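Counting with our numbering, you get residues 1 to 225 for the letters of the sequence shown. Some notes on the structure that comes next.
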Amino acid sequence: MKKSDITIYPAAALFNGRSTYFNQALVAGLEEKGYKTNFPQRDGFEFGNLNKALMDKLPESEVPSAVEKIIYYLDMGIFVPQSHVILANLDEPQDEGVLVELAHAKNISRHNIGFRTDVRSPYGSSSDGFGGMHFFPGLYLCDTFIQHYMPCKTPQDAKTEMQGLVDKIDKEISPMEFSNIKPATDNILFSGIKDIHSLEGLRELVERYISNKDKLESYGPKIVR
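Have a look at this one:
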């Protein structure tokens, strides 16, 4: 295998400009190295199109919940299984979704790399093996854990420090070790749909969601109030 055969899934929060800016810079560096990426903030659904496709078939009150579920199954049913490496941002506060994705990836034998640029140490000392974060994700979910200091005092410093992080990640990926990983999925929502972003693909996805709605909802917990 070559670098171009390896697909990386960057597991990270993407709810504000600070996170999304960092994410795209990291992905750009990895792709310059030759890797492929499944990048949610770029390759995920356009919310307006997904909402419209669902609004045509579901009551308006059910659409927000359906969007959440479909995006969850896109990440867990497509992006994670179809990647060789899960690259997790474990800066504080740790994102719950990232931890769920890491655990899922571990269960299906993907290679997990966690990294931390955060100098905060809420669960120990910054000098310990996991930089003072809670040790559970690093010890039990990661195959490799990277600490990387990024003060980013100037734009040029930020670029250099990001390149340093990319280089560290690159050194921990050995394509020959991943020949046993066969990225694939048989998810009931997405399997066989060639383009999930096309109008035709979205319509098929929505039809499958409606047909399997009870089954998909059965995966969740019983809520007791």
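Each residue gets a CB set at the ideal place from its N, CA and C atoms; glycine is no exception. Every value quoted in this text rests on a predicted model; they were computed, and no experiment measured them.
Is Thr117 helix, strand or coil when you go by DSSP?
-> coil
What does DSSP give as the partner residues of Leu87 in its beta bridges?
-> Pro10, Ile113
Between the segment 84-95 and the segment 110-117, do at least 3 Cβ pairs fall closer than 8 angstroms?
-> Under the 8 angstroms Cβ criterion, the segment 84-95 counts as touching the segment 110-117, having at least three qualifying pairs.
Close-in-space but distant-in-sequence residues of the same chain around Glu210 (CB under 8 angstroms, 5 per side omitted) = According to the sequence as given, residue 210 is Ile; it is not Glu. Counting only Cβ-Cβ distances below 8 angstroms, and skipping sequence neighbours, we find Lys57, Leu58.
Cβ-based neighbour list, Asp5, same chain, cut-off 7 angstroms, excluding 5 preceding and 5 following = Pro175
Near Ile146, which residues of its chain fall below 8 angstroms by C-beta distance, leaving aside the five closest residues on each side in sequence?
-> Ile113, Gly114, Phe115, Arg116, Leu165, Lys168, Ile169, Glu172, listed in sequence order.
Delimiting residues of the alpha helix (DSSP H) encompassing Phe39 | Where Phe39 is concerned, there is no enclosing alpha helix (DSSP H), given that its DSSP letter is neither H nor E.
List the residues that DSSP assigns as beta-bridge partners of Thr144.
-> Ile113
For my contact list, Glu101 and Met76 are in at a C-beta cut-off of 8 angstroms; report their separation, rounded to the angstrom.
-> 7 angstroms
Of the choices Gln94, Gly192, Pro64, Ile78, whose alpha-carbon is the least far from that of Ile108?
-> Ile78
Buried versus exposed call for Leu30 [16 or more other C-beta atoms within 10 Å across all chains shown] | buried
Under the assumption that Gly44 contacts Ile71 (Cβ atoms under 8 angstroms), give the Cβ distance between them as a whole number of angstroms.
-> 7 angstroms
What number of angstroms, rounded off, separates the C-alpha of Asn38 from the C-alpha of Met1?
-> 18 angstroms
Of all the options Pro137, Asp128, Pro93, Ser127, which has the alpha carbon lying nearest to the alpha carbon of His104?
-> Pro137
Could you check if Leu229 is buried or exposed, using at least 16 other CB atoms within 10 Å of its CB as the buried criterion?
-> With the chain running from 1 to 225 in the structure shown, residue 229 is simply not present.
Where does Pro183 land, buried or exposed, given buried means 16+ other C-beta within 10 angstroms?
-> buried
Would Leu139 be called buried (16 or more neighbouring beta carbons within 10 Å of its own) or exposed?
-> exposed
Assigned secondary structure, Ile188 (DSSP; H/G/I helix, E/B strand, else coil) = coil
From which residue to which residue does the alpha helix (DSSP H) around Arg203 run?
-> 199-211
In angstroms, rounded to a whole number, what distance separates the CA positions of Thr144 and Thr7?
-> C-alpha separation (whole angstroms): 17 angstroms.
Just the C-alpha distance for Ser61 and Ser191, rounded to the nearest angstrom, thanks.
-> 27 angstroms
Out of Gln82, Leu50, Phe22, which has the shortest C-alpha to C-alpha gap to Ile181?
-> Comparing Cα-Cα distances from Ile181 to each of Gln82, Leu50, Phe22, the minimum goes to Gln82.
Pair within 9 angstroms by beta-carbon distance, Leu202 and Tyr73 | no
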